[in-house]
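Student: Dropping the structure in here first, questions after.
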Amino acid sequence: MPNPFDAEKLALESFKIISENIFVPEFFDESLIKEFGSTNQLSISFNLEQKLIRAEFDFEILTNSESSEEAKANYKFVLIYSCSNLEELAHADGDELKVNSQLGFAISAISYSTIRGILLIKLSETVFQDFILPIIKPNLPN
1 MPNPFDAEKL ALESFKIISE NIFVPEFFDE SLIKEFGSTN QLSISFNLEQ KLIRAEFDFE
61 ILTNSESSEE AKANYKFVLI YSCSNLEELA HADGDELKVN SQLGFAISAI SYSTIRGILL
121 IKLSETVFQD FILPIIKPNL PN
């Protein structure tokens, strides 16, 4: 049976920054930054009736420096997608939702890449201006 996933049936409808906070200690010395650390979490939810997909990304970025206190940035992004053939790609199975792996991968990859570009702009002219969201090795669906 052919895979029903078709990227042309997926569209990014909206993007919002829900939360944005950058904390920099008063006497933080940017020249003492050695590297940056980051954590992120992705949550995806589906509205099958309206054929919508919501991807929520939470990011935390920390400096690793020789300063006594580190700088920190927190962001929460929400991206809304529509998928014209969502009924072919996601369906309820009891209490679980079964989702086509290629759809899940596409939502994750597009969201991550979009947010990487937005963070480059948002973090410019801050102590995080040299931070670039790393490229990650994807677990490609079969």
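Mind the numbering: the sequence shown is residues 1 to 142 in the UniProt record's numbering, read in order. Backbone N, C-alpha and C fix where the C-beta goes; we use that ideal spot for every residue, glycine too. Remember, predicted model here, so these are calculated numbers, not experimental data.
PHE57 and SER111: beta carbons closer than 8 Å?
Tutor: Yes, these two residues count as a Cβ contact at 8 Å.
Student: Which of the three DSSP states is assigned to PHE23 in this structure?
Tutor: PHE23: strand per DSSP, three-state reduction.
Student: Taking DSSP's pairing of strands, which residues face GLY37 in a bridge?
Tutor: Bridge partners of GLY37: LEU62.
Student: From GLU70 to ASN64, what does the alpha carbon distance come to, in whole angstroms?
Tutor: Their backbone Cα atoms lie some 7 Å apart in a straight line.
Student: Excluding sequence positions up to five away, which residues of its chain have a Cβ less than 6 Å from the Cβ of ARG116?
Tutor: LEU133, listed in sequence order.
Student: Taking the beta strand (DSSP E) that PHE105 belongs to, which residues open and close that run?
Tutor: Run containing PHE105: none in the beta strand (DSSP E); it sits in the alpha helix (DSSP H), 101-122.
Student: Going by CA-CA distance only, name the one from VAL99, THR39, LEU52, SER101 that's closest to LYS72.
Tutor: The candidate whose alpha carbon is nearest that of LYS72 is THR39.
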